[in-house]
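Visitor: These protein sequence lines map, in sequence, to chains A and B.
Note that this note's numbering has the first sequence beginning at 1, numbered continuously upward.
Note that this note's numbering has the second sequence beginning at 1001, numbered continuously upward.
By construction, the Cβ of each residue, glycine as well, lies at the ideal position given by its N, Cα and C atoms.
Attaching a single structure in structure tokens format; questions to follow.
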Amino acid sequence: NAGVTQTPKFQVLKTGQSMTLQCAQDMNHEYMSWYRQDPGMGLRLIHYSVGAGITDQGEVPNGYNVSRSTTEDFPLRLLSAAPSQTSVYFCASSPYRDYQPQHFGDGTRLSIL
Amino acid sequence: GIQVEQSPPDLILQEGANSTLRCNFSDSVNNLQWFHQNPWGQLINLFYIPSGTKQNGRLSATTVATERYSLLYISSSQTTDSGVYFCAVDPNAGGTSYGKLTFGQGTILTVHP
């Protein structure tokens, strides 16, 4: 049982490049979400999903796309990277049951030059 | 949206000391969680506590939902307690979070030997 797995752990991009941050969970959780953490700040919600085929925007969705084709995977896509997207990205999951905590991956540290 | 304020922003302790961290939120919540982010950046869920009191070893938490605050107590602190402590809330009705948490800015705790 690996929990929530994020890849890659580190990435450097040039402005305008695209990439996909991967997130996979093996706990059969219905809910998955992406957050970004900037220096000295708490996490902010980018996008979330309540199940396969269902996604919605969070607080800071601009510049990011998501899809959820399976219960296990929830990739985050940057279509045209900008320096303002330099951040640490966390993926989280939780089950469709009341009073269940969120499980977080170890994060992806992304730098946009 | 809901506002989450944590205090103090920074806390420095000697090993063995006790501490209290506070989280105030601006609206009714049905989901409140405390997280510890260790020096390696990993987020660990400490408590899921929308109301009442819970204890886990040297840590305990109390949420007074009617007065919109939560407290995290750390007793007999150890150097491994160092890191950032986050409070996160979801005002969604019922106990289910849907993975949509709003985080406070955190309390940076440093415990010296």
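Going by beta-carbon coordinates alone, are Phe74 (chain A) and Cys23 (chain A) separated by less than 8 Å?
Guide: Yes.
Visitor: Against chain A, does Phe1086 (chain B) count as a neighbour if the rule is that its beta carbon must be under 8 Å from one of theirs?
Guide: It does; some Cβ of chain A falls within 8 Å.
Visitor: Whole angstroms are fine: how far does the CA of Gln1042 (chain B) sit from the CA of Asp1081 (chain B)?
Guide: Taking the straight line joining both Cα atoms gives about 13 Å.
Visitor: Return no unless some Cβ of chain A is closer than 8 Å to the Cβ of Tyr1048 (chain B).
Guide: Yes, Tyr1048 (chain B) counts as interfacial toward chain A.
Visitor: Using the DSSP secondary-structure output, state which residues sit across from Tyr89 (chain A) in a beta bridge.
Guide: DSSP, once it has assigned bridges, lists A:Arg36 and A:Thr108 as partnering Tyr89 (chain A).
Visitor: Out of B:Gly1083, B:Ser1077, B:Pro1113 and B:Asn1038, which has the shortest C-alpha to C-alpha gap to Asp1010 (chain B)?
Guide: That would be B:Gly1083, whose Cα lies nearest to the Cα of Asp1010 (chain B).
Visitor: My assumption, with CB atoms under 8 Å, is that Leu113 (chain A) sits in contact with Val12 (chain A). Please give the rounded CB distance.
Guide: At roughly 7 Å, the Cβ-Cβ gap stays under 8 Å, so Leu113 (chain A) and Val12 (chain A) are in contact.
Visitor: Kindly indicate if chain B contains any beta-carbon less than 8 Å away from that of Gly107 (chain A).
Guide: Closer than 8 Å: yes.
Visitor: With a CB to CB cut of under 7 Å and the five nearest residues on each side skipped, what residues in its chain are close to Lys1054 (chain B)?
Guide: Excluding positions up to five away in sequence, the list reads Phe1047, Ser1060 and Ala1061.
Visitor: I'd like to know whether the C-beta of Asn1045 (chain B) is nearer than 8 Å to at least one C-beta of chain A.
Guide: By this cut-off, Asn1045 (chain B) is an interface position.
Visitor: So the beta strand (DSSP E) Lys1054 (chain B) belongs to, where does it begin and stop?
Guide: Gly1052 to Asn1056 is the extent of the beta strand (DSSP E) around Lys1054 (chain B).
Visitor: Using a beta-carbon distance below 8 Å, is Phe1103 (chain B) in contact with chain A?
Guide: So, interface residue.
Visitor: Using beta-carbon positions only, say whether Leu1032 (chain B) and Ser1077 (chain B) come within less than 8 Å of one another.
Guide: The answer is no: Cβ separation not under 8 Å.
Visitor: Please list the terminal residues of the continuous beta strand (DSSP E) segment that includes Asn1031 (chain B).
Guide: Taken as a continuous stretch (DSSP letters only), the beta strand (DSSP E) holding Asn1031 (chain B) covers Asn1031 to Gln1037.
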